[in-house]
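In the numbering used here, the protein residues as written are 4 to 331.
Ideal Cβ placement from N, Cα and C applies to all residues, glycine included.
Laid out in structure tokens, this is it:
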């Protein structure tokens, strides 16, 4: 029985990218090269699939370089092109797929969009503290962007992405609001933190005094008060939940250069590490994501990965400088 045409095409695409990654690994033996040549000459469809894989690989790097140049020009700095980098570990096997390269293209397009619209921003792994014109201060965590929308009557900051702590200078004539998604957070003379995750969820944590949280699309605009030592977690469902108590020592660990995990699955740990990593970290296989992690770590994704590798005997494979795969 012949396979479906779609299945054949997909299989060849996967094989072509597997070969592309292997040949760029920097550890190509004569036998491996001979095996590749035999596969390539087997059918014209193989040669077409490999040509498509090479085109996709080049496109990924080109997109990355173009986006870096656009952003750099806006900042008045020079860039050097990203070169095609090989695997850092030999023996990368057949589970490399087209999703890997498509992910690289996506990362290229998404790299600098919010930064270009922002007044203040940080890249992955960067933190920055700044003082605003009214004396208030903002501490931006990794991969964060904010835009100021200030008038004579109001101080408004839009959190485009990421996480920031706000220490607000009181001014009864000019309310201080932070907008994140469809949530509006009004400071009541306070120190508070807002985190907008990649799914659009909003976390509001208060360290001093209180804030009022409301939804912009609600007619009544009733505010939920979040007091010191509390956190409100809004999923984007259209209804604000009640705040809950929070461990401020753990929630503010990022400001001390630390990451604290308390019996959390590796999936959650990796999601947090991705916020600080230049490369995308992914898990291969369901079981590995269920491993439980506890500990205090420095904000250094590679250092944490090294610790996890030793603790759980997991393997870490680097695909160029853009992708890190954890697998057993």
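{"Check": "Beta bridge counterpart(s) of residue 42 as assigned by DSSP", "Outcome": "Answer is none; residue 42 lacks a bridge partner."}
{"Check": "Closest by C-alpha distance to residue 179, when choosing among 170, 185, 189", "Outcome": "189"}
{"Check": "Start-to-end residues for the alpha helix (DSSP H) that takes in residue 196", "Outcome": "Counting along the chain, residue 196 falls outside any alpha helix (DSSP H), though it belongs to the beta strand (DSSP E) covering 194-199."}
{"Check": "Cβ shell of residue 288 (< 8 Å), same chain only, five flanking positions each side left out", "Outcome": "330, 331"}
{"Check": "Burial state of residue 187, where buried means 16 or more other Cβ atoms lie within 10 Å", "Outcome": "buried"}
{"Check": "Under 9 Å between C-beta atoms of residue 276 and residue 308", "Outcome": "yes"}
{"Check": "Nonlocal neighbours in the same chain, by C-beta distance under 8 Å from residue 273, ignoring five residues either side", "Outcome": "284, 285, 286, 292, 329"}
{"Check": "Cα-Cα separation, residue 171 to residue 142", "Outcome": "12 Å"}
{"Check": "Selection from 147, 161, 136, 57 that minimises the alpha carbon distance to residue 155", "Outcome": "136"}
{"Check": "Proximity winner among 18, 26, 14, 15, relative to residue 322 (alpha-carbon distances)", "Outcome": "26"}
{"Check": "Selected residue, minimal CA-CA separation from residue 162, among 147, 195, 267", "Outcome": "147"}
{"Check": "Per-residue DSSP class, three states only, for residue 252", "Outcome": "helix"}
{"Check": "Sequence-distant residues of its chain with Cβ nearer than 7 Å to residue 192 (five each side left out)", "Outcome": "171, 173, 212"}
{"Check": "Given residue 126 as reference, the closest of 281, 251, 324, 290 once Cα atoms are compared", "Outcome": "281"}
{"Check": "Residues near residue 139 by beta carbon distance below 8 Å, same chain, minus five either side", "Outcome": "158, 169, 170, 171, 172, 179"}
{"Check": "Cβ-based neighbour list, residue 235, same chain, cut-off 6 Å, excluding 5 preceding and 5 following", "Outcome": "207, 216, 229, 246"}
{"Check": "Minimum length 4: unbroken alpha helix (DSSP H) runs contained in the segment 239-289", "Outcome": "251-254, 269-279"}
{"Check": "Proximity to residue 20 [Cα-Cα], best of 160, 43, 249", "Outcome": "43"}
{"Check": "Where residue 126 falls: helix, strand or coil (DSSP)", "Outcome": "coil"}
{"Check": "Whether residue 219 touches residue 182 by CB criterion (9 Å)", "Outcome": "yes"}
{"Check": "Within 9 Å, strictly: CB atoms of residue 227 and residue 209", "Outcome": "no"}
{"Check": "Enclosing alpha helix (DSSP H) for residue 342 [first to last residue]", "Outcome": "This structure does not reach residue 342, given that the chain is present from 4 up to 331, and the question cannot be answered."}
{"Check": "Classification of residue 14 by the beta-carbon crowding that lies within 10 angstroms, buried from 16 upward", "Outcome": "exposed"}
{"Check": "Bridge-paired residues (DSSP) for residue 327", "Outcome": "284, 321"}
{"Check": "Own chain, CB closer than 7 Å to residue 239, minus 5 neighbours either side, in chain order", "Outcome": "184, 203, 204"}
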